[in-house]
Structure formats: structure tokens, C-alpha cells
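Encoded as C-alpha cells, the structure appears first; notes follow it.
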Amino acid sequence: MDVTKLWGRELRIVQVGPPDGALADRLLTAGYQRQLAIVDSDERARQIAARHRRVESFLAVSRRRDRIRQNNADVLVLHGWNALQMLRYRSIRHARYVAVPMASLTDLVAATAGGLAQVFLGRLSRPKLRKIACGLSHVELMVFQVRRPRPHRGVRRFIPHALGTRGFLEQLQAAGLRYAALRWFESLPELPAGEDLDLLVDDADLAAVRGLLDDGPGTQAVDLYSASGAPGADFRQIAYYPPFLAEQILDRAVVHRSRCRVPSPHDHFLSLAYHALYHKGWASGLPSRDSARRSRVRPEHDYTAILQEMARRLDIRVSITLDDLHDYLDTAGWQPPRDTLIKLSRHNRWLRALVGRSAMRPDDARLGVFLLRREALARGGVQRAVEQIQLHGFQIVETLSLKPQQVERATRNIRGGTWTAGPWQHSGGPPAAAIVVYDAHPIPPTWRQRRRFPLVANARFLTKDQIRDVFNEGLPKSEHCNVIHSSDTDHEAIDYLRIIAPDKVDDILARVRKFVAPANASALGESPISRAA
């Protein structure tokens, strides 16, 4: 069977290590314009272009060891010993098909050794021989289909080779899209070998930018984040920066000499420090006040020297250490809220040590705040939620209908600033009401619950899943949404209250203490509730 009956012309075909341009030429003759051939040297590219002039614009040079994985191919064509990379499933799982030309014994041996192991593991289909006809001759391919492909559909994208980095940036500018290249943009439109382009994009322009990036095969990686942390443009399921800070970066972005939009100098320093601390931690290589705890990881960039030079130029007087920058970001209004810090700490040992002292304690499980999202008000509202919360054993301390200013503060500073639909088909909207609760008899999470919800101190708060089900009951799946969010600990609950209604915190905590019977007063001990007095 001819591959033209198997592969549509819209598929992106990437060859790795072709010895010549014959296959690319035949693919062009068969109508495949969305193709790319990756070679490992400029000399090889010149040799191929000299013999096959019309494939010259489809040639790319990459010396990256991971070039088989770092592309957006729908069809991977692996030449020679490159086919052995099929043994590393991670290198090929983004493609829908993997093909090996049967031009030599090397091709046959590599395809058999690399592919059949994955066939045995159930990751690839059994191979089939296919051909690409060209006149009276043809090229024979051994073709494997990836059973469960995982294409690059999230943060990681690739600039089409035909467009190039310069062309891509020019199109962003010409279309008037709202974006900023976050860092390492000094040499743009050129990028150092192996360097990615990190882009922050307005949510309204996310689809347009993705459309540009998905328009053809490419190898120049782009990490694409939206201001609100939309699904597939987020960082570990939260916004890359708190959305109000992301909006600030976009609002104050300036045009670099490359015509690319980049953060203003001060925002550049703050955003790079944020990235080094909260996304990388010890892996950034930044020193700490605790000199005994130093990362042994060699960072890709010298964050210490880079931030020191930026601080000198901007006359920012701060020691470039993890702890001092953390304090500086707090004074600058750039420190993320506690619940965001806790979420980020799951993959950041330095941050985990920083927040671990107060984030999880045995006595940190009685106070809670349920936040009702806007859609909940249209489905029974606060009263329905109160009834469900009481049904699950909580005592109601206070209910608050949020005013516009409170909605804005809560949206910006709670839940990582991310209030999108998430895995649901319909969005619950921003927070609209708060219900403060107290649990006199908290339930310790089970081992299984701790594995799934490591931040929850009281298993009773997991009943919010059942409350969501009640609010979605009777509605089509297309209208199901997340209508309720809750704090995980007493500390987090108090933080929520200080964000939403700082003038009411003392009064609410005073009433909470009255829920504790005199005989059980010792249970309050040195809890966050008592310390917040």
C-alpha cells in the first residue's frame, strides 16, 4: 500500500538523519509540503541541497541529542541507527506514526531491534511495509503506528521551520497579539542552540498563537503560558505567574530591538527572580542563608550572576539569595499567596522547607472557608450550599456575599489566581460567596487520601466533591462545573479571610473560639486560630 493512502497531506512529517534528499523529494512529489528533514551539520545540509534543490527550504540542522523528541512530528521517519531510539519510548510517543526506510541492512536491524521491543510492550502496532511511489520506482518503509500518542498539545510547542523565529515574531507583532517573551531574549531573533522561547500570552490571543505554532513541522521549542493559566498553558495546573502579575507584565511590556515584546526592565528582574525561586528553588543554583543546603545541580543559567547584574543596573539593593529575594518579592507585591506557595512546594524542596513549618500541623484542621463560585448562585446559591455543608458535619460560623472589590481580591490571590473551567466542560466562574465553617471533630485523612491530597489536614473537607455533584445533579454533562472550592488548613482559611474580609477576621476568630467547649479548650492549644488572636 502507498503511504499516501495512510497519511493525510495535512500531517507533519519529520525525517531524522536522512543520508540524502531522495525521500524528501519523493514526498514533495506526492504532495507533502508539511515536512522537514533534520541533519546534524551545515555541510550535510549543503550537500543535500546541492543535489536536491527543491528540498533546500525543508532542511534543518540540529545537533541536539534529543532532536528525535524535540519536534512536533505527526510522522517520524528515522534513518539508520536513529531507529534504535524507538527503544526510548519517550522519544517517539509524540508522533502518530514512526517509519524506517528499508534502504540498507542497517535500517532493517535498527528498525527490528528498536521497534519490536515496543510492539511487545503494546506501545506500537505490528509493523507494516508501505511504499512511496515515484514514477516507476518506489521507497519502501517499515511503518509502526503509535497506539496511544501523546502529541505536544500543552505548554511545549514548536515554531514551524518554514516560518522561523524571526518570521514567527513578526507575525505576532503584525497581528497585534498581546504577549511577552519572558527571558533569554537578548539575542533574538536568534536563540542559542538548545534554548527554548518562553512566551506569556493574553488568554484572548492564546488560540491565535497556538494556530501559528501548529501550522507546520519545527524543532525550535516554545513554552507557551497564558495569563490565567488556561488548561495546557499552565504550570503544574496553576498559572505560571499569579494572573494579576501576568497582566502587569503584559500591560507594561516594551518592544525589544528585535521587535519582540518583552517585560519592562523592572518586571524582567522581578519575574526572573520569581521563576528562580518558586519554579526552580535549589535547582536555580542561588545561595541560601543556610549555606549547608546548596544545590548540587548545575543550572542551565547562572541566575546569581544574572540577577546581580540586573539589580546593579536597576539600583535594586537586595542580596541575591533565595531567602532575601523571597522577602524582597514580598515587599514588591510579587510573592505568591500561601496556597500557591504550598502547591508549588510539591516540586520545590527549598520552598517545601520554607512553608512546611506552618502548612501542615495536627491542630491545623478545624477552621475552613468554602468559596462558592458564581455559577453556584444560579443553582440554589448560598442556602443550598449551607445545607449541604451542615449535612456533612460542619458548623457554620459566617456567610459572606462578596462585593466586586472582594471578588477581585479573591480571584487574584486565591487558588493560584486560576479560576478557569479546568477539567470540566463549563466554568464555575469567579468566587462569589464565602462560607466560614468550624469542625469540632476533624477526620484525619487516610493514607490513600494523603497520597492523593497531600495538603488536606481534615478529610471532611474532601466532601466538597459530593457537594459539587449535588449542584451538578440533573444537568447535562456539558453544563457540569466546579462550583465550590475550599481551604485545606486553618492557616489557609485565615489567609483567605485576610484576603476577602480583613476587617472581619478578628470577629470571626473570636466566634470560632466559642465553638470549643471548655472541656475541649486544650484542643485549641497553639493552633493557628489561637495564634491569630
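Residue 1294 is where the sequence shown starts when you use the working numbering, and the numbers rise one by one after that. Just so you know, even glycine gets a beta-carbon here, dropped at the ideal spot from N, CA and C.
- Taking the Cα positions, residue 1370 is about 12 Å away from residue 1364.
- In the same chain as residue 1618, and ignoring 5 residues on each side of it, the C-beta atoms closer than 7 Å to its own belong to 1566, 1570 and 1611, in chain order.
- In the structure shown, the three-state DSSP call for residue 1325 is coil.
- Short of 6 Å from the beta carbon of residue 1664, and not among the five residues preceding or following it, lie these beta carbons of its own chain, in chain order: 1724, 1727 and 1778.
- Approximately 6 Å separates the beta-carbon atoms of residue 1556 and residue 1546; this is inside 8 Å, confirming the contact.
- Contact between residue 1581 and residue 1592 fails: their C-beta atoms lie close to 14 Å from each other, not under 8 Å.
- Residue pairing of residue 1638 in beta bridges, as defined by DSSP: absent, with no partner found.
- When DSSP reads this structure, residue 1688 sits in a beta bridge with 1731.
- Residue pairing from DSSP leaves residue 1648 without any beta-bridge partner.
- Straight-line measurement puts the Cα of residue 1596 at about 10 Å from the Cα of residue 1602.
- Taken in chain order, the complete alpha helix (DSSP H) segments of 4 residues or longer contained in the segment 1688-1713 are 1697-1706.
- When the alpha-carbon of residue 1513 is set against those of 1450, 1794 and 1799, the nearest one is in 1450.
- With fewer than 16 other Cβ atoms from the protein chains shown falling within 10 Å of its own Cβ, residue 1467 counts as exposed.
- In the three-state scheme derived from DSSP, where H, G and I count as helix and E and B as strand, residue 1516 is classed as strand.
- CA-CA distance, residue 1511 to residue 1455, rounds to 8 Å.
- DSSP, reduced to helix, strand and coil, places residue 1318 within a helical segment of the structure shown.
- Between residue 1442 and the set 1631, 1639, 1421 and 1416, the nearest pair of CA atoms involves 1416.
- Counting along the chain, the unbroken alpha helix (DSSP H) around residue 1382 starts and ends at 1382-1385.
- Put simply, of 1501, 1637, 1381 and 1494 the residue whose alpha carbon is nearest the alpha carbon of residue 1540 is 1494.
- DSSP, reduced to helix, strand and coil, places residue 1749 outside both helices and strands of the structure shown, so it counts as coil.
- Exclusion of the five residues before and after residue 1792 leaves 1630, 1702, 1703, 1706 and 1707 as the residues of its chain whose Cβ lies within less than 8 Å of its Cβ.
- When C-beta atoms of the segment 1343-1360 are compared with those of the segment 1402-1413, fewer than three pairs fall below 8 Å, so the two segments do not count as touching.
- Less than 8 Å separates the beta-carbon of residue 1521 from that of residue 1496.
- The shortest CA-to-CA distance from residue 1386 to any of 1361, 1396 and 1399 is the one to 1361.
- Note that the C-beta distance between residue 1794 and residue 1693 is below 8 Å.
- The beta strand (DSSP E) runs of length 3 or more contained entirely in the segment 1476-1528 are, from start to end of the chain, 1490-1494 and 1513-1519.
- In the same chain as residue 1688, and ignoring 5 residues on each side of it, the C-beta atoms closer than 8 Å to its own belong to 1730, 1731, 1732, 1733 and 1808, in chain order.
- Comparing alpha carbon positions, the residue from 1487, 1747, 1343 and 1399 closest to residue 1636 is 1747.
- In the DSSP assignment, residue 1470 falls outside any alpha helix (DSSP H), carrying neither H nor E.
- According to the DSSP assignment, residue 1340 belongs to the alpha helix (DSSP H) that extends over 1335-1344.
- For residue 1533, no beta strand (DSSP E) segment is defined, and its DSSP state is neither H nor E.
- Residues 1725 and 1726 of the same chain have their beta carbon placed closer than 8 Å to that of residue 1670, with the five preceding and five following residues left out of the count.
- Assigned with DSSP and collapsed to three states, residue 1435 falls in strand.
- Taking all protein chains shown into account, residue 1378 has 16 or more neighbouring C-beta atoms within 10 Å of its C-beta and is therefore buried.
- Its chain contains 1771 as the residues whose beta carbon lies nearer than 6 Å to that of residue 1718, once the 5 sequence neighbours on both sides are disregarded; these appear in chain order.
- Between residue 1357 and residue 1487, the gap from beta carbon to beta carbon is short of 8 Å.
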